[in-house]
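Report on the structure given below.
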Amino acid sequence: MAAANALITADVLNYGSTSHSEIEETSTLVDEENVSTLISEKRTSMKQELKTICRTSAPLSVTFFLQYSLPVASTFSVGHISAKHLAAVSLATMTFNVTSSIFNGMATCLDTLCPAAFGAGKYKKVGLYFQRCILLMITLNIFIVLFWWNSGIFFRLFVKDSSLVALAQSYLRVMTFCTPAYILFEAGKRYLQAQNIFVAGQYALFIAAPINAFLNYALVWSKHFNLGFLGAPLGTTISYWILPTYLFYYSRMHSTDKCWAQPNVKAIFRDLKPMASLAINGTAMLLLEFIAFEILTLCSATFGTETLAAQSICSTLATLFFQIPFAASVASSTRISNLIGETNQRSAKIATKATYILSLALGVLNFCVLFFFRKQIAMLFTNDATVIGIAKGVIGILGLNQFWDAPNILGAGCLRAQARQHVGSRLNVIAYYIIGLPISLFLGFKMDLEIVGLWIGLLCGVFSLACSEFVCVFLTDWKSVIREAENRNKNRENSTI
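Taken in order, the sequence shown gives residues 1 to 497; the numbers are from the UniProt record's numbering.
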């Protein structure tokens, strides 16, 4: 028993390590039936939790940053053709980000279910949850592909330039061929992260990102291919298929079979409602924010092509700088959910507090980069002096927004860990559509502040969301959260696993 306790202590000190062999060694030496009892005796500290979350956030930050660079590379490669092409790729990329965030949001249900199942020692459920999530996302993908293929109908409601609409639609039509790869990668990442394997996605993107940058240059600008505008989405689509291919290779090479459940049609289709509920609310938490940005982009189109081009730069930056806090959010959600699965209430509370401390540091970091280098950043996207002037002012507002957007993003991760996505989705509706967007439209159109007014309104919405999430997280009934997690792990799938 003393030896087992020593092993558990060592595991606590090394939690988040990406060395799968260490996890395997520990799990073989400790009797699985006693795991939950021993784990409940774990003790941790604020310093230890900060180290744990930061250590697991680092590879995830690289992963999300590089993953977002795939469509962003199109903005750089196409943006220097003309302002119209930059505006077109802005519409297409923003629409891609918003609609593909549905897959991201649906996959966040695995941030709740898989780590809790893994922490409770219900390893086969991790694989079953992964398979169910794939089923849900593939079903929804049918509607997303149809929308992308006919997106010109939607764009014409807001954009008068028919050639710009045609360019944006053609971009999205090419991107429809990457959606299966996107789905497999998003779900696959979380399947591995639940097992404390955080580097697989990072390694995949180390391969895909440089290839994507090369393809975006070669297919757009090289005389050998001469594809122009359409070379950008083609290069990005090819790059996306590299990602799940590498994850499959990594899984086979590193023997993650412990959590793999043999596909069973009855088991996959059984009791889909709880996962669907988490997936829908998790999607709403992400999608409502992205739709708010899409509305700003469409409203900016009414102020002229230069303003729309400036908005494309700011929207790209907003999503780019979202990636680091979101990576920390996924890492903290995985950590807290794992502790909930272990019924370790004290450590889960400490990890939650550590998450908010980290969010403040990330907010300051993002602000400093955006605010003090706003002109230089704008110049990376375009040579047009008018566009740079407009973008520079809005990037400053975006920088200020980071002070509360980072706590908002990590607070959402805490809610996901607690399986309270329904709370987060409702708060998002209030913050963006009852507070933020009405203020944006009033300042932008009624007060003639145009794009600056639009962004100030959004800033107000994010501030209200961060405050409300903070209150909800720190008024959590932890006993109820842990009891619900125990019920999910004990009562469901017993007849199929």
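Every residue, glycine too, gets a C-beta built ideally from N, C-alpha and C. Model, not experiment: these values are computed from the prediction.
_Option nearest Thr139 by Cα separation, candidates Val126, Ile102, Ala117 and Pro233_ = Ile102
Exercise. Would you decide whether Ser162 is buried or exposed? Buried here means 16 or more other CB atoms lie within 10 Å of its CB.
Key: exposed
Worksheet item: Phe372: buried (16+ other C-beta within 10 angstroms of its C-beta) or exposed?
Response: exposed
* For Phe321, is the classification buried or exposed, using 16 other Cβ atoms within 10 angstroms of its Cβ as the cut-off for buried? -> buried
- Item | His85 (DSSP reduced to helix, strand or coil) | helix
Met253 - DSSP class collapsed to helix/strand/coil: helix
Output the distance between the C-alpha atoms of Ile207 and Tyr182, rounded to the nearest integer angstrom.
-> 16 Å
_Tell me the DSSP secondary structure of Ile142 in three-state form._
helix
For this session: Can you tell me which of Asn212, Tyr191 and Phe293 puts its alpha carbon nearest to the alpha carbon of Lys258?
Result: Tyr191
Subject >> At least three beta-carbon pairs within less than 8 Å, the segment 438 to 449 to the segment 470 to 478 >> reply: no
Practice item. Alpha carbon to alpha carbon, how far is Trp404 from Gly235? Give it in angstroms, no decimals. Key: 35 Å
Euclidean distance between Cα positions of Ser251 and Val429:
38 Å
Exercise for the section: Reducing DSSP to helix, strand and coil, say where Trp260 ends up. Expected result: coil
Here's a check: name, in chain order, each residue in its chain whose Cβ is nearer than 7 Å to the Cβ of Ser329, leaving out the five neighbours to either side. Ile409, Leu410, Ala412 and Gly413
So for Thr305, helix, strand or coil by DSSP? helix
- Message: On a Cα-Cα basis, can you pick out the residue from Gly396, Ser57 and Ile211 that is closest to Ser69?
- Response: Ile211
Identity of the residue in Leu362, Ala232, Arg270 and Gly188 nearest Met106 by Cα: Gly188
Check your understanding: Looking at the structure shown, is Val265 part of a helix, part of a strand, or coil, going by DSSP?
Key -> helix
Checklist entry - Which ranges does the beta strand (DSSP E) cover as unbroken runs of at least 3 residues, wholly within the segment 145 to 185, from first to last along the chain? => result none
Original post:
In terms of residue numbering, what span does the alpha helix (DSSP H) encompassing Ser222 cover?
Top reply: Counting along the chain, Ser222 falls outside any alpha helix (DSSP H), and DSSP gives it neither H nor E.
Is the Cβ-Cβ distance between Ala92 and Ser151 less than 9 Å?
yes
Kindly indicate the opening and closing residues of the alpha helix (DSSP H) around Ile197. Taken as a continuous stretch (DSSP letters only), Ile197 belongs to no alpha helix (DSSP H), as it is neither H nor E.
Exposure of His85, with buried meaning 16 or more beta-carbon neighbours within 10 Å: buried
Where Lys122 sits in the DSSP three-state scheme: coil
* What is the DSSP secondary structure of Thr343, counted as helix, strand or coil? -> coil
How many angstroms separate the CA atom of Val364 from the CA atom of Gln402?
7 Å
Buried or exposed for Ile377, please, with buried defined as at least 16 other CB atoms from any protein chain shown within 10 angstroms of its CB. buried
**Study point:** Alpha-carbon spacing of Pro180 relative to Thr56, whole angstroms
**Key:** 27 Å
Please state whether the Cβ-Cβ distance between Ile439 and Gly457 is less than 9 Å. yes
In this structure, how does DSSP classify Thr476 when only helix, strand and coil are distinguished?
coil
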